[in-house]
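Student: Residue numbers (the UniProt record's numbering), protein chains in the order written: chain F, 1 to 282; chain U, 1 to 291. Glycine residues also receive a C-beta, built at the ideal position from the N, C-alpha and C atoms. Here the structure is a predicted model, which means the values were calculated and not measured. Have a look at this one before I ask anything.
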């Protein structure tokens, strides 16, 4: 603090509190809406204070079925989301660790070509090439399968770049020492490189988990069988019924439950999350 | 790095998984989009005829496509401007406070974790003309809110939803940028009698410009490509085409309109745009700006 300006400090706190309230407003309303019976929404405006249906709504959405046209319970879709998110995260980390290792620690013909092929995928989100990617996945018979949900989203280069940066910052003397001591490439990878990249892997895990959990368009078009519905995309199915038939209280419970896991990850692992965010953009 | 492992086959083996996935799920579809852009296909995929550049010609002579470009520009720059301003304000305030900085940070960063489609649903219900509390408050203020019918209001709604999610990201980067501003500079200026307001505009803001520029690019990319869920949940591009961004149009023309050739041509245009943006971002990163 350079100087003491109590008035300015007061304004600072006030702005921050106002910002927090504004950011939290939609979640507050959703929380309130999730505690009312369906009939509360047809007639007029959303009540601003909690109703008495909280336990019934949350319990039935979590364990019976999500409602509004989706016949599977939320816990089941949470499991699907978890499988998809972990599949994407672990897949990305594994294949990028390997390819980054090859690019940094080996010299071989076509190294630059490989590097550029991977680099091209860096910025092209699945939304842009959605129709042809769908056709490819359909040709491979992977619609309505976990492989179809995860594999196309693993094809991104962000993680490879992150690990490449990370490996390049490891001093060459370490590699030399390891080689003099007789360590081969596999041994070096497992005994030296992996332990040294532990925090980077963890930080990337946090970011990629959020990315994977929040996938929307891709699961929406490759799953028509509700056995493979993920939680985030199920919202769209719940809203696709006629406007008057939308069970808003159930939609709100599902929305809140779909937000909960990634928010818990961000808040619970804030340090890793911030590190991952900064790393991923470098 | 000057030390390498002398192996002939191992590196290819290590690269294999990533290359296979890139070929199957990226290069193959991209090639298909490219090919399809030159054909006209019937909606059932039974037959197709080579029509050369006709898909592109009809795309660029279609006023709706230009409208969608305009929608994309208005949407992206509004999201970037609004998101950056609010986040900068909050970050400056958070940088000033001594007590509870971490608590404030925690309370401000969680929207990053919310999926765009959920952000869209949350704000939709707030603004829904028949039941949303904000729509009700606006009515008291004399504003007749109905984003189902009014294109400008629909645009405001998607901009708000998309910005809400992005504030946390900008906030974190601005806060890191502010903490990197040398304290001695600020102290010197304050000894010279500069007020906090003047110090901000003459010292802090110019020093933040690399962060601001970086965030501007990231926000534009976000608004271009990652906001599909927001639009699909709230307005589905409507009313009319007033919130149909270019990425949304690729999807709606391809999957709903079943105009596969036209959608593929749009994919090719977008891939081209992405290429340009990648070059800009890459050159920028190459310059090694500190943030």
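Give a single yes or no on whether residue 145(F) has its beta carbon closer than 7 Å to a heavy atom of the ligand GTP.
Tutor: As for the ligand GTP, it is missing from this structure, which has no ligand bound.
Student: Inspect the beta-carbon positions of residue 162(F) and residue 280(F) and report whether they are closer than 8 Å.
Tutor: Result yes, Cβ atoms of residue 162(F) and residue 280(F) sit closer than 8 Å.
Student: Does residue 288(U) pass the burial test, meaning 16 or more other C-beta atoms within 10 Å, or should it be called exposed?
Tutor: For residue 288(U), the predicted model reports a pLDDT of 45, less than 50, meaning its position is unreliable and no value from the coordinates is stated.
Student: Any C-beta of chain F sitting closer than 8 Å to the C-beta of residue 36(U)?
Tutor: Judged by the 8 Å Cβ criterion, residue 36(U) is in contact with chain F.
Student: First and last residue of the alpha helix (DSSP H) that includes residue 198(F)?
Tutor: Looking at the DSSP string, the run of the alpha helix (DSSP H) that includes residue 198(F) is 198-213.
Student: Compute the Euclidean distance between the alpha carbons of residue 110(U) and residue 267(F), then round it to the nearest angstrom.
Tutor: Taking the straight line from one Cα to the other gives about 7 Å.
Student: Going by DSSP in three states, residue 236(U) sits in which element: helix, strand or coil?
Tutor: Residue 236(U) falls in the coil class under three-state DSSP.
Student: List the endpoints of the continuous beta strand (DSSP E) containing residue 50(U).
Tutor: Start and end: 48-50.
Student: Short of 8 Å in beta carbon distance, which residues of its chain neighbour residue 291(U), apart from the five on each side in sequence? Order them along the chain.
Tutor: Because the pLDDT at residue 291(U) is just 37, under 50, the model does not fix this residue reliably, and the value given afterwards should be weighed accordingly. Closer than 8 Å at Cβ, skipping near neighbours: 173, 176, 177, 180, 210, 211, 214.
Student: Under 8 Å between C-beta atoms, does residue 71(U) make it to chain F?
Tutor: No - not a single Cβ of chain F is within 8 Å of the one on residue 71(U).
Student: At a Cβ cut of 8 Å, what residues of the segment 256-268 of chain U count as close to chain F, listed as they run along the chain?
Tutor: From the segment 256-268 of chain U, only 260, 263, 264, 267 have a Cβ closer than 8 Å to chain F.
Student: What is the DSSP secondary structure of residue 40(U), counted as helix, strand or coil?
Tutor: Residue 40(U) falls in the strand class under three-state DSSP.
Student: Look up residue 67(F) in the DSSP assignment and give the residues it is bridged to.
Tutor: For residue 67(F), which the question treats as bridged, DSSP gives the partners 70(F).
Student: In whole angstroms, what separates the C-alpha of residue 175(F) from that of residue 30(U)?
Tutor: Roughly 39 Å between the two C-alpha positions.
Student: Are any of the Cβ atoms in chain U nearer than 8 Å to that of residue 19(F)?
Tutor: Residue 19(F) counts as touching chain U.
Student: Mapping the DSSP letters down to three states, classify residue 177(U) as helix, strand or coil.
Tutor: Residue 177(U): helix per DSSP, three-state reduction.
Student: Residues of chain F with CB closer than 8 Å to the CB of residue 196(U), please, in chain order.
Tutor: Going along chain F in sequence order, the residues near residue 196(U) (Cβ under 8 Å) are 5, 8.
Student: Is it true that the CB of residue 115(U) sits closer than 8 Å to the CB of residue 330(F)?
Tutor: The structure shown does not extend to residue 330(F), since chain F is modelled only from 1 to 282, so the question has no answer here.
Student: Please list, in chain order, the residues of the segment 85-111 of chain F that have any C-beta partner in chain U closer than 8 Å.
Tutor: From the segment 85-111 of chain F, only 94, 95, 96, 98, 99, 101, 102, 103, 104, 105, 106, 107, 108, 111 have a Cβ closer than 8 Å to chain U.
Student: Closest to residue 150(F) by CA distance: which of 67(F), 213(F), 13(F) is it?
Tutor: Taking only the C-alpha atoms, the option nearest residue 150(F) is 213(F).
Student: Should residue 180(F) go down as buried or exposed, given a rule of 16 or more other Cβ atoms within 10 Å for buried?
Tutor: When all chains shown are included, residue 180(F) counts as exposed.
Student: Within the 8 Å Cβ cut-off, does residue 94(U) reach chain F?
Tutor: Chain F contact via Cβ: present.
Student: Can you find at least 3 beta carbon pairs, one from the segment 154-168 of chain F and one from the segment 91-101 of chain F, that sit closer than 8 Å?
Tutor: Enough Cβ pairs lie closer than 8 Å, so yes.
Student: Select from 11(U), 185(U), 97(U), 261(U) the residue whose C-alpha is nearest the C-alpha of residue 207(U).
Tutor: Here the closest residue by C-alpha is 185(U).
Student: Listed from N- to C-terminal order along the chain, which residues in the segment 222-249 of chain U have their beta-carbon within a distance smaller than 8 Å of any beta-carbon of chain F?
Tutor: Listed in sequence order: 225, 226, 228, 229, 232, 233, 247.
Student: Please check if any C-beta of chain U sits within less than 8 Å of the C-beta of residue 129(F).
Tutor: Answer yes: the Cβ-Cβ gap between residue 129(F) and chain U drops below 8 Å somewhere.
Student: What separation, rounded to the nearest whole angstrom, lies between the Cα atoms of residue 219(F) and residue 12(F)?
Tutor: Each residue's Cα considered, the two are about 42 Å apart.
Student: Compute the Euclidean distance between the alpha carbons of residue 83(U) and residue 191(F), then round it to the nearest angstrom.
Tutor: Roughly 44 Å between the two C-alpha positions.
Student: Determine the direct distance from the alpha carbon of residue 19(F) to that of residue 51(U), and round the result to whole angstroms.
Tutor: The alpha-carbon atoms of residue 51(U) and residue 19(F) are separated by roughly 54 Å.
Student: Beta-carbon of residue 147(F) versus every beta-carbon of chain U: anything under 8 Å?
Tutor: False, the Cβ-Cβ gap to chain U never drops below 8 Å.
Student: Between the segment 118-129 of chain U and the segment 160-174 of chain U, do at least 3 Cβ pairs fall closer than 8 Å?
Tutor: Because the criterion of three Cβ pairs below 8 Å is met, the segment 118-129 of chain U and the segment 160-174 of chain U touch.
Student: With 8 Å as the threshold, decide whether the Cβ of residue 26(F) is near any Cβ in chain U.
Tutor: At least one chain U Cβ lies under 8 Å of residue 26(F).
Student: Could you tell me which of 154(F), 139(F), 104(F), 221(F) sits nearest to residue 22(U), measuring between CA atoms?
Tutor: That would be 154(F), whose Cα lies nearest to the Cα of residue 22(U).
Student: Cβ of residue 49(F) less than 8 Å from any chain U Cβ?
Tutor: No, residue 49(F) lies away from the interface with chain U (no Cβ there is under 8 Å from its Cβ).
Student: Does the beta-carbon of residue 264(F) have 16 or more other beta-carbons within 10 angstroms, so that it is buried, or is it exposed?
Tutor: Exposed, because fewer than 16 other Cβ atoms sit within 10 Å of the Cβ of residue 264(F).
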